[in-house]
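**Q** What follows is a structure written as structure tokens; I'll ask about it next.
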Amino acid sequence: MRPRRFLLRLSTLAFIVCMLASCTSEPVKKQQQPSTEGPPEPIMQDAAEEEGQLITLVTPETSQKAPEEKSKYQIHTRLTDFHLLSETTGIAWGITNASLRLYQTQDYGETWMDISPSSNVEFGSKLVYGKDIVFTDKDHGWIIRNMQGSTETVLLHTSDGGKSWKISALPKSGIVTALSFVSSEQGWIMASGSSSKGLEEKLLYRTNDGIVWHEVMQNTEYPRTRIPGTVIPRTGSMIGMRFTNPQVGFATVQELQSSKLYITRDGGSQWKSSAQVFQSDSLDRCGSVYAGTPQALGFVGEEVYIPVVCMIKDAPKYMGYFTADTGRSWNLVSFPMTGDPNKGSIQPVFRRLHDGWAMVNGIVYHTTDMGRNWKPYPRDELLTSNLKKYPKVVKMQFISSDVGWLLIETEDKKRSRLMMSTDGGVSWQGL
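So, in structure tokens, the structure goes:
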């Protein structure tokens, strides 16, 4: 299929810029930071309902100064997700009154910078990493804004760590279902056109410079019975997509009671269903099989982990598919533990092929053999105390063998707490 390039149209750009930046041609600026002249007053953000993480903010201009020279103030903020970029650096965010509150730390969570886009850009629901937001490093990030009642998809992009945000658009792209970048310039967006029960039109766009996007795959122009075997079909809904290098990408699709994996080796133009994944005899006893988003492990790009939930009589059984050769061969591992996700439990996560963590009923486990065997750590006193107030585990991520973050929240999802471990999950502290 011949790629069709979509350049920014002047009318579209004018409309979007007018909406986001009051009809100026300047990049979208982030929310006003407090002046560094004199100590600013603490700001409480809807404390009655949104009280949550108490974080210390600094301005981008003073963030690199000595501690005594930084202008600081504290706020309560309701965090809904996060992503670690290195041991010292990470981002965390939440939605308050339709406004995105996006923060970045570069000192292990000691202080944070508000890198939110303009408050004029409204977001109606939780942003999911890999679907609505991606950062490749502390400076380069993208945020998807699916506009209600419009076929235009707005992309917010920063190349200076959130000091300013620029905008671009994908005409007639539908609803974005997945977002993946392998560098600050090369990325992909999967979008859904019209959909019905069990069927979903899928369109894939690629950029090689972070600015101009072109279509590389679609299944919308073919009759339902004649879709070629080199594209992802309409059957099923997109779960997630992850590219591990400029050529190789993985996409999981959820069908009625099962999942499928599609792999590309030419940058997204052609996709083939993997016959090795979700076809194991070990899955035959599952009433339903639900796959997660493929996860790239390490820095080489050859290791991939796909989390799997096998439902047996309404009880979840955690499993995982692993590859060390970009999907040419796979291992299915059944993890010997399960737990209630509302009582301090979460599906296993992996940093490398043989380095993973899990939490079951408030106990942290570690594996060094692809999840076949797990070592439990003694209960951490502070973690246990926090789980009594925040029993639901939202996310766990380890960026190294030592440093990891954990986000937990209340049952009503109105308050959350972000915690950090610097000893591989043995002990935890609040951020």
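What the sequence shown shows, in the working numbering, is residues 118 to 548, in sequence order. A virtual CB, placed ideally from N, CA and C, is assigned to each residue, including glycine.
Hey, could you find the ends of the beta strand (DSSP E) leucine 449 is sitting in?
**A** Counting along the chain, the beta strand (DSSP E) containing leucine 449 begins and ends at 448-451.
**Q** Which whole-angstrom value describes the C-beta separation of serine 112 and valine 406, a residue pair presumed to lie in contact below a C-beta threshold of 8 Å?
**A** With the chain covering 118 to 548 only, the question about residue 112 has no answer from this structure.
**Q** If we count the other Cβ atoms within 10 Å of its Cβ and call it buried at 16 or more, is glutamate 528 buried or exposed?
**A** Label assigned to glutamate 528: exposed.
**Q** Could you tell me which uninterrupted beta strand (DSSP E) segments, each at least 3 residues in length, are contained entirely in the stretch 402-442, listed from first to last along the chain?
**A** With a minimum length of 3 residues, the continuous beta strand (DSSP E) runs that stay inside the stretch 402-442 are 405-408, 412-414, 420-429 and 432-440.
**Q** Inspect the beta-carbon positions of serine 297 and glycine 353 and report whether they are closer than 8 Å.
**A** The answer is no: Cβ separation not under 8 Å.
**Q** Sorted by chain position, which residues of the same chain lie with C-beta nearer than 7 Å to cysteine 403's C-beta, five sequence neighbours on each side aside?
**A** Excluding residues within five positions, the ones whose Cβ falls inside 7 Å are Cys427, Met428 and Ile429.
**Q** Is the beta carbon of leucine 321 closer than 8 Å to that of glycine 241?
**A** For glycine 241 and leucine 321, no; Cβs fall outside 8 Å.
**Q** Can you tell me whether DSSP reads serine 297 as helix, strand or coil?
**A** The answer is strand: DSSP assigns serine 297 an E or B state.
**Q** Please state if the CB of lysine 319 and the CB of serine 311 are separated by a distance shorter than 8 Å.
**A** No, the Cβ-Cβ distance between serine 311 and lysine 319 is not below 8 Å.
**Q** Taking Cβ to Cβ, would you say glycine 521 is nearer than 8 Å to glycine 547?
**A** Contact: no.
**Q** Are the beta-carbon atoms belonging to valine 477 and glycine 444 less than 8 Å from one another?
**A** No, these two residues do not count as a Cβ contact at 8 Å.
**Q** Are glycine 304 and glutamine 221 closer than 8 Å when you measure CB to CB?
**A** No, the Cβ-Cβ distance between glycine 304 and glutamine 221 is not below 8 Å.
**Q** Is lysine 509 near the ligand SAH, with its Cβ less than 7 Å from a heavy atom?
**A** The ligand content of the structure shown is nil, which means the ligand SAH is not present either.
**Q** Could you spell out where the beta strand (DSSP E) holding leucine 535 opens and where it closes?
**A** Taken as a continuous stretch (DSSP letters only), the beta strand (DSSP E) holding leucine 535 covers 533-538.
**Q** Return the chain-ordered list of same chain residues with a C-beta closer than 7 Å to the C-beta of phenylalanine 360, the five sequence neighbours on each side being excluded.
**A** These residues qualify, in order along the chain: Ser297, Val299, Trp305 and Gly366.
**Q** Please confirm whether serine 276 and histidine 257 have their CB atoms less than 8 Å apart.
**A** Closer than 8 Å, so yes.
**Q** Quick one: what does DSSP say lysine 505 is sitting in, helix, strand or coil?
**A** Residue state, collapsed to three classes: helix.
**Q** In this structure, does DSSP put serine 399 in helix, strand or coil?
**A** DSSP places serine 399 in helix when its eight states are reduced to three.
**Q** Under 8 Å by Cβ, that's how I've got tyrosine 494 and isoleucine 480 pegged, so tell me the actual separation to the nearest angstrom.
**A** Contact holds; Cβ gap of about 7 Å.
**Q** Going along the chain, which residues of its own chain have a beta-carbon closer than 6 Å to the beta-carbon of glutamine 464, five neighbours each way excluded?
**A** Taken in chain order, the residues that qualify are Pro424 and Tyr435.
**Q** Just verifying my parser: in three-state terms, what is the DSSP assignment at glutamate 526?
**A** Strand at glutamate 526.
**Q** For the beta strand (DSSP E) containing phenylalanine 240, name the first residue and the last one.
**A** Looking at the DSSP string, phenylalanine 240 is not in any beta strand (DSSP E), and its letter there is neither H nor E.
**Q** Go through its chain and collect everything with a Cβ distance to methionine 358's Cβ below 6 Å, but skip five positions before and after it.
**A** Around methionine 358: Ala295, Ser297, Met307 and Ala368.
**Q** Can you name the start and end residues of the beta strand (DSSP E) that tyrosine 494 belongs to?
**A** Run containing tyrosine 494: none; DSSP gives neither H nor E here.
**Q** Can you list, in chain order, the stretches of the beta strand (DSSP E) that have 3 or more residues and sit fully within the stretch 465-492?
**A** DSSP runs (the beta strand (DSSP E)) wholly in the stretch 465-492: 472-477 and 480-484.
**Q** Whose C-beta lies closer than 8 Å to the C-beta of aspartate 540 among residues of the same chain, with five residues either side of it excluded?
**A** Excluding residues within five positions, the ones whose Cβ falls inside 8 Å are Asp519.
**Q** Can you have a look at isoleucine 328 and say buried or exposed, based on whether 16 or more other CB atoms are within 10 angstroms of its CB?
**A** With fewer than 16 other Cβ atoms within 10 Å, it is exposed.
**Q** Check leucine 316 in the structure and name its three-state DSSP category.
**A** Leucine 316 falls in the strand class under three-state DSSP.
**Q** Using beta-carbon positions only, say whether tyrosine 507 and serine 533 come within less than 8 Å of one another.
**A** Yes; because the gap between Cβ atoms is below 8 Å, this pair is in contact.
**Q** Answer with buried or exposed for leucine 238, where buried requires no fewer than 16 other C-beta atoms within 10 angstroms of its C-beta.
**A** The amino acid at residue 238 is misidentified as leucine; the sequence shows valine. With 16 or more Cβ atoms within 10 Å of its Cβ, valine 238 is classed as buried.
**Q** Could you tell me the alpha carbon to alpha carbon distance between valine 417 and threonine 205, rounded to whole angstroms?
**A** Spanning the two alpha carbons is a distance of roughly 21 Å.
**Q** Contact defined as beta carbons within less than 8 Å: I believe tryptophan 545 pairs with aspartate 497. What is the distance between those atoms, to the nearest angstrom?
**A** Between aspartate 497 and tryptophan 545 the Cβ distance is about 5 Å, and since that is below 8 Å, they are a contact.
**Q** For leucine 227, which of Val175, Lys314, Gly409 and Ile212 has the nearest alpha-carbon?
**A** What sits at residue 227 in the sequence shown is glutamate, not leucine. Measuring from the Cα of glutamate 227, the nearest candidate turns out to be Val175.
**Q** At what residues does the beta strand (DSSP E) containing glutamine 335 begin and finish?
**A** That run of the beta strand (DSSP E) goes 330-335.
**Q** Output needed for tryptophan 491: all residues of its chain with C-beta closer than 8 Å, excluding positions within five of it in sequence on either side, in chain order.
**A** Within the same chain, tryptophan 491 has close Cβ partners Phe452, Pro453, Met454, Ala475, Tyr482, His483 and Thr484.
**Q** Between leucine 201 and the rest of its own chain, which residues show a CB-CB distance below 7 Å, the 5 nearest in sequence each way excluded?
**A** Excluding sequence neighbours, leucine 201 sits near Gly207, Gln514, Ile516 and Trp522.
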